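Enquirer:
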Amino acid sequence: MEREAGRTTIALHVTIFRNSDSYKPRGYESFFLYTHAAELVALSPRRCPSEDNMKYTVFLMAAFLSCAFGIDTVPSLNVTKYLGRWYQMYADPAVMETSERNAVCVTADYSLRKDGKIGVLNRGRLYTPTGEESSITGYAYMTDPKEPGKLTLHLDGVPFLGSYWVVKLGPPTFGVEGLYQYSVVTDSTQIMLFVLTRDVETFRNQYDEEVKSFLAENGFTHLYNKPVATLQDKKCLYGAKRPSPYQTMKEFLRYE
Numbered sequence: 001m002e003r004e005a006g007r008t009t010i011a012l013h014v015t016i017f018r019n020s021d022s023y024k025p026r027g028y029e030s031f032f033l034y035t036h037a038a039e040l041v042a043l044s045p046r047r048c049p050s051e052d053n054m055k056y057t058v059f060l061m062a063a064f065l066s067c068a069f070g071i072d073t074v075p076s077l078n079v080t081k082y083l084g085r086w087y088q089m090y091a092d093p094a095v096m097e098t099s100e101r102n103a104v105c106v107t108a109d110y111s112l113r114k115d116g117k118i119g120v121l122n123r124g125r126l127y128t129p130t131g132e133e134s135s136i137t138g139y140a141y142m143t144d145p146k147e148p149g150k151l152t153l154h155l156d157g158v159p160f161l162g163s164y165w166v167v168k169l170g171p172p173t174f175g176v177e178g179l180y181q182y183s184v185v186t187d188s189t190q191i192m193l194f195v196l197t198r199d200v201e202t203f204r205n206q207y208d209e210e211v212k213s214f215l216a217e218n219g220f221t222h223l224y225n226k227p228v229a230t231l232q233d234k235k236c237l238y239g240a241k242r243p244s245p246y247q248t249m250k251e252f253l254r255y256e
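Below is the structure:
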């Protein structure tokens, strides 16, 4: 069936979700509830998505649910080289109109927890580079060792899991630790887009065109998922980096 049924019942699914604590969506036609509920409040945990935001997301689903999503994730991912501070260079309209509305100077800090999961701290400033900080914490983890680029995302206070798919990585040449220079992240439907980098100026000078070409070649060209630059400049008031005692695999194993 069912794609036709999925498209025609999508609004009903959301209506039930908003009015029933017991509703549990099933099937591909309900991917929004599983995949994007977390992202909708990623930078604004103190407020629920507005009705306008919800309608916008439902519109995107209804319009593009029939599209085929087949982007490959990275074949290998060294978690240790993925940890630390990232600066967001691009998101897309689906992100900008929901989880990151009015957000600038967006960062992500990843650390290795003792349970082996990746700790997540997402932060941004509202409206201006020195505006009010908005943040949320959570964790991510691999569900299948054979697909290391496909992670599951949990954000604190969000009752549904999201997907975190790493589809392109920069060279592991940043700093003395040899961290990945950049990362391109999407979800299982290719609606959400995040481009992260270790250093803003290095990315602009060395990797920006490479990444934009990759995005254009891999379907990030639509109204809902085309890249939109995130404001990052010298006026940004960034939160302090929060190193973890388990920030490297060696340290993690020492605590076991």
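When we follow full-length UniProt numbering, the leftmost residue of the sequence shown carries the number 1, and every step to the right adds one.
Ideal Cβ positions, reconstructed from N, Cα and C, are used throughout, including at glycine.
For clarity, every value in this text was computed on a predicted model and none was experimentally measured.
Have a look at the DSSP bridge pairing and note the partners of Ser-134.
Expert: Gly-124
Enquirer: Exposed or buried, what is Pro-75 when buried is set at 16 or more other beta-carbons lying within 10 Å of its beta-carbon?
Expert: exposed
Enquirer: Roughly how many angstroms lie between the CA atoms of Thr-221 and Asp-72, to the nearest whole one?
Expert: 17 Å
Enquirer: Taking all protein chains shown into account, decide if Thr-173 is buried (16 or more other Cβ within 10 angstroms of its Cβ) or exposed.
Expert: exposed
Enquirer: When you compare each of Val-167, Lys-168, Thr-152 to Cys-161 by their alpha carbons, which one comes out closest?
Expert: It should be noted that the sequence gives Leu, not Cys, for residue 161. With distances taken between Cα atoms, Leu-161 lies closest to Thr-152.
Enquirer: DSSP on Arg-204, reduced to helix/strand/coil?
Expert: helix
Enquirer: Nearest to Tyr-224 by CA position, among Thr-128, Trp-86, Pro-93, Leu-77, is which residue?
Expert: Pro-93
Enquirer: In three-state DSSP terms, what is Met-142?
Expert: strand
Enquirer: Under the assumption that Ser-183 contacts Leu-169 (Cβ atoms under 8 Å), give the Cβ distance between them as a whole number of angstroms.
Expert: 6 Å
Enquirer: Since Glu-100 and Gly-124 should fall inside the 8 Å C-beta cutoff, what is the C-beta to C-beta distance between them, to a whole number of angstroms?
Expert: 7 Å
Enquirer: Relative to the alpha-carbon of Lys-117, which residue among Glu-133, Met-142, Ser-163, Gly-131 has its alpha-carbon at the smallest distance?
Expert: Met-142
Enquirer: For Thr-221, name the three-state secondary structure that DSSP assigns.
Expert: In this structure, Thr-221 counts as coil in the three-state DSSP scheme.
Enquirer: Strictly by DSSP, which residues pair up with Pro-93?
Expert: The partner list for Pro-93 (beta bridge, DSSP) is empty, contrary to what the question assumes.
Enquirer: Check each candidate in Leu-77, Lys-81, Gly-70 and name the one with the smallest Cα separation from Glu-177.
Expert: Lys-81
Enquirer: Leaving out five residues before and five after Trp-86 in sequence, what residues of the same chain have Cβ atoms less than 6 Å from its Cβ?
Expert: Ala-108, Leu-196
Enquirer: Comparing C-alpha positions only, which one of Leu-83, Glu-217, Ser-188, Met-89 sits nearest to Asp-233?
Expert: Met-89
Enquirer: Is DSSP giving Lys-168 helix, strand or coil here?
Expert: strand
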